[in-house]
Amino acid sequence: MALLLDNQFSPLPNTSEVATKPFLDSVCHLPPFFDCLGSKVFAPIKADISGNITKIKAVYDSDPAKYETLQKILEAERSVYGSNWPKAGATLALMWLKRGLRFVQIMLQSLADGDRDENNPNLIRVNITKAYDGALRRYHGWIVQKVFKAALLAAPYRSDFLKALSKGQAVTEEECLAKVRQFLVNFSVTVDAIYEMYTTMNAELDYTV
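The structure is reproduced here in structure tokens:
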């Protein structure tokens with residue numbers, strides 16, 4: 026079966042550094058994930074992810090050898106931007122991108138773990154809410170949080186979401202979730218490694234939009 030998430034993330038080497046090109050090649054397939062959520066309210070998150078991928082790719086393409094890993098991008102920009110770092114360049118773009126990726130990670134893991142609203146088992150609001158609370162809420166002001174609450178009301182049924190994730194194919198829920206679990210293995214390791222890198226390099230910023 027084909028799945029929207031079939032483009033797999035590569036295993037990380039022993040150094041735990043994330044190679045830039047394979048990362049960009051894989052992550053560029055993720056924005057359509059937000060189309061599966063149905064509501065146009067999720068379009069800004071999709072656009073934000075796409076825009077940040079473009080910014081990181083532009084830096085990488087300027088010197089692929091120099092920016093072989095994401096860590097090398099951050100290290101180089103720390104020297105270039107000085108006191109404006111990390112709120113500049115690809116460093117800032119990756120900071121927001123990893124939050125979008127964490128949203129995807131938590132939501133899919135929640136689905137794979139079988140988290141459900143017992144009163145409304147065919148809704149995915151509980152999974153989306155868990156992802157939003159874990160990845161994005163703290164960085165959003167009350168206006169953006171209100172917009173998210175409105176998006177929840179338009180969230181698709183669980184069955185419709187999994188069908189969209191399966192590109193409209195007639196597959197069982199368990200078949201789809203098995204693919205999701207397979208996807209999450211390297212994806213989760215990659216996202217966790219990027220978060221660890223930001224912590225280690227003191228590059229994390231805690232402001233709201």
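Sequential numbering from 26 applies to the sequence shown in this note's numbering. Built from N, CA and C at the ideal position, the CB exists for glycine as well.
Which residue marks the beginning of the alpha helix (DSSP H) containing residue i, and which one marks its end?
{"i": "Q170", "result": "167–178"}
{"i": "E100", "result": "95–106"}
{"i": "A90", "result": "Premise fails: A90 is in no alpha helix (DSSP H) and is neither H nor E."}
{"i": "M120", "result": "114–137"}
{"i": "V214", "result": "198–225"}
To which residues of the same chain is residue i closer than 7 angstroms at the C-beta, ignoring the five residues directly before and after it?
{"i": "V214", "result": "L37"}
{"i": "V129", "result": "L55, F58"}
{"i": "V43", "result": "L37, T94, L95, T215, A218, I219"}
I need the straight-line Cα distance from residue i to residue j, nearest angstrom please.
{"i": "M26", "j": "D60", "result": "Here the model assigns M26 a pLDDT of 47, short of 50, so the residue's position is not dependable, and the following value carries that caveat. Taking the straight line from one Cα to the other gives about 19 angstroms."}
{"i": "G76", "j": "G125", "result": "12 angstroms"}
{"i": "G114", "j": "V84", "result": "8 angstroms"}
{"i": "F58", "j": "R163", "result": "22 angstroms"}
{"i": "I131", "j": "T225", "result": "22 angstroms"}
{"i": "T116", "j": "L122", "result": "10 angstroms"}
{"i": "D31", "j": "P89", "result": "26 angstroms"}
{"i": "E102", "j": "G166", "result": "28 angstroms"}
{"i": "D73", "j": "N144", "result": "33 angstroms"}
{"i": "S184", "j": "K91", "result": "45 angstroms"}
Excluding the 5 residues preceding and the 5 following residue i in the sequence, name in chain order all residues of the same chain whose CB lies nearer than 6 angstroms to its CB.
{"i": "P111", "result": "A228"}
{"i": "Q207", "result": "none"}
{"i": "K71", "result": "P56, F59"}
Between residue i and residue j, how many whole angstroms is the CB-CB distance? I'm expecting something under 8 angstroms.
{"i": "P181", "j": "L62", "result": "7 angstroms"}
{"i": "F242", "j": "F212", "result": "The structure shown does not extend to residue 242, since the chain is modelled only from 26 to 234, so the question has no answer here."}
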